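>
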Amino acid sequence: MYQHIFFLLRYVFKRGESMLPFLDKLASVIYQLLDGQNMTTNKTKQNLLQLSPGESEQDLKRKYNVMKIRLTMLIVMIGSFTALLLWILNGNKTSLVDGTSIHRNYAGGGTKEVTLSAKGEGGQKANIAFTVKDCSYSNEELIKIYEEFKNVIDGIVLNQNDSWDCISTDLSLVKRVTGYPFDIEWESNDNLYLTDSGQIVDWSEMKDNKPKVKQIELCMKVTYRNFLRKRIYQATVCPKQEEKSFQDIVQSMVEETEKSTSSQMVIKLPQFIDGEKVEWSELSESKSLTIFLLSVVTAVAIWVMKDRQVAKLVQKKRLLLDEEYQAIISKLTLYLGAGMNLNSAWIKVAREGRGNPVYNEMLITCREMEGGIPEKEAYEHFARRVRQQQYVKLITFLVQNLQKGNTEILLLLKQESLLAMENYHALAKRRGEEMGTKLLFPMVLMLGMVMVLVIVPVFLAM
23 MYQHIFFLLR YVFKRGESML PFLDKLASVI YQLLDGQNMT TNKTKQNLLQ LSPGESEQDL
83 KRKYNVMKIR LTMLIVMIGS FTALLLWILN GNKTSLVDGT SIHRNYAGGG TKEVTLSAKG
143 EGGQKANIAF TVKDCSYSNE ELIKIYEEFK NVIDGIVLNQ NDSWDCISTD LSLVKRVTGY
203 PFDIEWESND NLYLTDSGQI VDWSEMKDNK PKVKQIELCM KVTYRNFLRK RIYQATVCPK
263 QEEKSFQDIV QSMVEETEKS TSSQMVIKLP QFIDGEKVEW SELSESKSLT IFLLSVVTAV
323 AIWVMKDRQV AKLVQKKRLL LDEEYQAIIS KLTLYLGAGM NLNSAWIKVA REGRGNPVYN
383 EMLITCREME GGIPEKEAYE HFARRVRQQQ YVKLITFLVQ NLQKGNTEIL LLLKQESLLA
443 MENYHALAKR RGEEMGTKLL FPMVLMLGMV MVLVIVPVFL AM
């Protein structure tokens, strides 16, 4: 069955690729209906702006939320389809008929596992699992009815007792057995311990005297018209054991019933247990509801984790900006000291940079200046996009130089370069300490392995 499910899901997923445009459109409609502009927190919005500089805030929020809605719908759809498929496949696989019977497989049909739930009038519940064997007939199927009856009556008479070697609970001395034509009479040779109706003596009267185990004879007389048979059971009456739980009683009775009716196609479940009426129902093994709930939980988790993923990307970007700050300050100081003006030095540094997002931000500033935005405003836009304290400080120096013609710009940049170098070394040292902390746990594991390799041979040699 699970092979069929796998191939069907594989086919659906391949076909599902053509559904992506439809899901995009549906996600866009849901975004508009839910007023998606309010679905993004301010922190996530600022993170998105830092990750994608140059794009409008509205477009970023729309793309991000549509992507999350589409992913959520896809996960829920896959989980729902899988749950529905399992529910359909398991829907017709029921063994309990009319709430009271279990049908066996025909001879050669193999055994089957059945899980049942029993509920007593007093509110007790029991969930049991047992094996139903297929109906087995031999070539000697037409043996005498009485010989077959003897195998059946033993299990019924013993009731909750395991064997005749220790009878500790009342016997079930029935007068007739369904499916057999016999009238049954019982006779005990010692009614002080076991009555003709199968009741055990009241042990509470004998507790103080420490009652002994009693060997008795129980005679079964089977009659049908002119047919008469007698059978003597040698029974040992023992003190009552601790009472079994409802779960144990139900499990034992069902297993005994299954065993005692091995030649019958239908197993008739007991309707009364310990004098209480029992209602039977079959427990479904379908995992469809679990799969559906897991898909919903997964979708919610991914929805939340997407915001965290964006925050981690922003944190990584800020770290890269911190690492490159000292190099940018040094290059600007060098080019300005060589006689280049601020605009040319900025463009040259931006075009030389590779592999760090700060140079992309600088190139955006260059394009803004080429597009007609004043140099001062372009630098201020850069500071707002980067949002790093040291870069804001750098832009402040540059803007002051543009406004007041500060002749000490080189001196300020040199001082800032020395400070940036110290911060860079401190940052490198901190990252090294963090890396050492992360490696501490693997080192402890390796130490434990070494200790095991050294100590175990010593103990084995002792």
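Here the working numbering is used: the sequence shown runs in plain steps of one and ends on residue 484.
From the three backbone atoms N, C-alpha and C, an ideal C-beta is built for every residue, glycine too.
These numbers come from a predicted model, not from an experiment.
1) Report yes if the C-beta distance between V414 and K398 is below 8 Å; otherwise report no.
2) Can you check which of these residues, L118, Q293, C388, D192, is closest to Y215 by C-alpha distance?
3) Check the Cβ-Cβ distances between E397 and every residue of chain B, and say whether any is below 8 Å.
4) What are the partner residues of D205, as DSSP defines its beta bridges?
5) Reducing DSSP to helix, strand and coil, say where N149 ends up.
6) When the Cβ atoms of the stretch 65 to 83 are set against those of the stretch 281 to 300, are three or more pairs found closer than 8 Å?
7) Roughly how many angstroms separate the alpha carbons of F103 and M89, rounded to a whole number?
8) Report the three-state DSSP secondary structure of Y357 (helix, strand or coil).
9) Rounded to the nearest angstrom, what separates M99 and G142 at their Cα positions?
10) Just list the residues that DSSP pairs F294 with in beta bridges.
11) Is V276 buried or exposed, if buried means 16 or more other CB atoms sit within 10 Å of its CB?
12) Along the beta strand (DSSP E) that carries V136, what are the first and last residues, could you check?
13) Please classify R92 as buried or exposed, where buried requires at least 16 other C-beta atoms within 10 Å of its C-beta.
14) Whole angstroms are fine: how far does the CA of I167 sit from the CA of Q263?
15) Please name the residue in L305, K281, L311, V272 whose C-alpha comes closest to that of P292.
16) What does DSSP give as the partner residue(s) for R251 in the beta ladder?
17) Starting from the N-terminal side, write out each stretch of the alpha helix (DSSP H) that is 4 residues or longer and does not extend beyond the stretch 339 to 384.
18) Quick one, are the C-beta atoms of Y381 and A367 less than 8 Å apart?
19) Name the DSSP beta bridge partners of Q237, please?
If we stick to the structure as given:
1) Within the sequence shown, numbered from 1, the residue matching residue 414 stands at position 392. Within the sequence shown, numbered from 1, the residue matching residue 398 stands at position 376. Contact: no.
2) Here residue 215 refers to the residue found at position 193 of the sequence shown. Out of L118, Q293, C388, D192, D192 has the C-alpha closest to the C-alpha of Y215.
3) The chain inventory of the structure shown lacks chain B, comprising one protein chain alone.
4) What you label residue 205 is simply residue 183 of the sequence shown in a count that begins at 1. Partner(s): T245.
5) Here residue 149 refers to the residue found at position 127 when the sequence shown is read from its first residue. Strand.
6) Contact between the stretch 65 to 83 and the stretch 281 to 300 is absent: fewer than three C-beta pairs spanning the two stretches fall below 8 Å.
7) The residue labelled residue 103 in the question sits at position 81 within the sequence shown. The residue labelled residue 89 in the question sits at position 67 within the sequence shown. Approximately 21 Å between the Cα atoms of the pair.
8) Looking up residue 357 in the sequence shown gives position 335. The answer is helix: DSSP assigns Y357 an H, G or I state.
9) As a first step, residue 99 must be located in the sequence shown, where it is residue number 77. As a first step, residue 142 must be located in the sequence shown, where it is residue number 120. In a straight line, the C-alpha of M99 is about 40 Å away from that of G142.
10) On the sequence shown, residue 294 is found 272 positions in, with the first residue counted as 1. DSSP output for F294 lists K299 as bridge partner(s).
11) Residue numbering aside, residue 276 sits at position 254 when the sequence shown is read from its first letter. Buried, because 16 or more other Cβ atoms sit within 10 Å of the Cβ of V276.
12) For the purposes of this step, residue 136 is taken as residue 114 along the sequence shown, with counting starting at 1. Unbroken beta strand (DSSP E) run through V136: 134 to 142.
13) By one-based count along the sequence shown, residue 92 stands at place 70. By the 10 Å Cβ count, R92 comes out buried.
14) Taking the first residue of the sequence shown as 1, we reach residue 263 at position 241. Taking the first residue of the sequence shown as 1, we reach residue 167 at position 145. Its pLDDT being 49, under 50, Q263 is placed unreliably in this model, and the value from its coordinates should be taken loosely. Going from the Cα of Q263 to the Cα of I167 covers about 35 Å.
15) Numbered from 1 along the sequence shown, position 270 holds the residue referred to as residue 292. Considering only alpha carbons, the answer is V272.
16) Here residue 251 is taken as the residue at index 229 of the sequence shown, counted from 1. Its beta-bridge partners are V244.
17) 364 to 374
18) Here residue 381 corresponds to residue number 359 of the sequence shown, with the count starting at 1. Here residue 367 corresponds to residue number 345 of the sequence shown, with the count starting at 1. At a Cβ-Cβ threshold of 8 Å, Y381 and A367 do not count as neighbours.
19) Taking the first residue of the sequence shown as 1, we reach residue 237 at position 215. T258, per the DSSP bridge assignment.
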